[in-house]
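Numbering (the numbering used here), first residue to last: 6 to 266. As structure tokens, the structure follows; a few thoughts come after it.
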């Protein structure tokens, strides 16, 4: 069993535009266009069984539109594990959480850099409180040396304030600031994922981070459409992890976070 714990999909009519915008934001080439069909084709070639899918609302009014799209895709493709989109400037967090539950999602996604909010802004605490109360896991983008919104150390404040909130800090806890993230989050109560990292660091560093966090805290993610499933799996498999460690990264941890409830 292989679960890709971090993928993005968009409606066919805007997939190319949305993918291009993400590539421009990070100044990185995108391996695919973010349609469901391309996601499944990329994953199936590499033997991936299931995919945790999400999309980011860049304005509050996009939340319901995105969530209904994702819910429809999940109904059509049972391989998909949906995460609801949320926005920190929404006028009604409770309604957004109610929609997320109505759609049958297995978690939620926030992206501080796209949505331009600080992870530890007290204005977002009511949303974290609702997620904690409802037992809804949060996939959270963390890290970007160009911006202060998603600095990994900000997450420590949130985890301390919400001790039952389940958070997956994407990109080894901090995109391209992996050592800063490790220093801030090594002893924190959160998971991390591998996406948009394995192709950008030396294998020895990736192995050290996985074992430093503990394999039981790390989820395999591809960040489709930015990367290709076969390439990401090859990058993971070359690290020399044990079968037990690979089982945890490739499916057991994702199942614990997103499917246990």
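Think of the CB as a built atom: it goes at the ideal place given N, C-alpha and C, for glycine as much as any other residue.
Is the distance from the Cβ of residue 223 to the Cβ of residue 199 below 8 Å? yes
Given a cut-off of 8 Å on the beta-carbon distance, is the pair residue 79 and residue 144 in contact? no
Looking only at its own chain, which residues have a Cβ that is under 6 Å from the Cβ of residue 116, when we skip the five neighbours before and after it? 61 and 146
Cβ-based burial, residue 193 [other Cβ within 10 Å; buried from 16]: buried
Given that a residue counts as buried once 16 or more other Cβ atoms are within 10 Å of its Cβ, and exposed if not, what is residue 11? buried
Return helix, strand or coil for residue 154, following the three-state DSSP convention. coil
Same chain only: Cβ atoms within 7 Å of residue 74, ignoring 5 sequence neighbours per side: 16
Proximity winner among 142, 180 and 240, relative to residue 152 (alpha-carbon distances): 180
Cβ-based burial, residue 22 [other Cβ within 10 Å; buried from 16]: exposed
Which residue comes first and which comes last in the alpha helix (DSSP H) that contains residue 97? No alpha helix (DSSP H) holds residue 97; DSSP gives it neither H nor E.
Using the three-state DSSP reduction, which class does residue 196 fall into: helix, strand or coil? strand
Closest residue to residue 67 among 225, 37 and 104 (Cα-Cα distance): 104
Counting only runs of 4+ residues fully inside the segment 160-207, write out the alpha helix (DSSP H) ranges in chain order. 183-190
Between the beta-carbon of residue 149 and the beta-carbon of residue 108, is there less than 8 Å? no
Alpha carbon to alpha carbon, what distance is there between residue 135 and residue 106? 12 Å
Stretch-stretch touch, CB-based, cutoff 8 Å, three pairs: the segment 124-135 with the segment 44-53: no
In terms of residue numbering, what span does the beta strand (DSSP E) encompassing residue 268 cover? With the chain covering only 6 through 266, there is no way to say anything about residue 268.
Taking the C-alpha atoms as reference points, what is the distance between residue 265 and residue 155? 27 Å
Beta carbon of residue 256, beta carbon of residue 8: below 8 Å? yes
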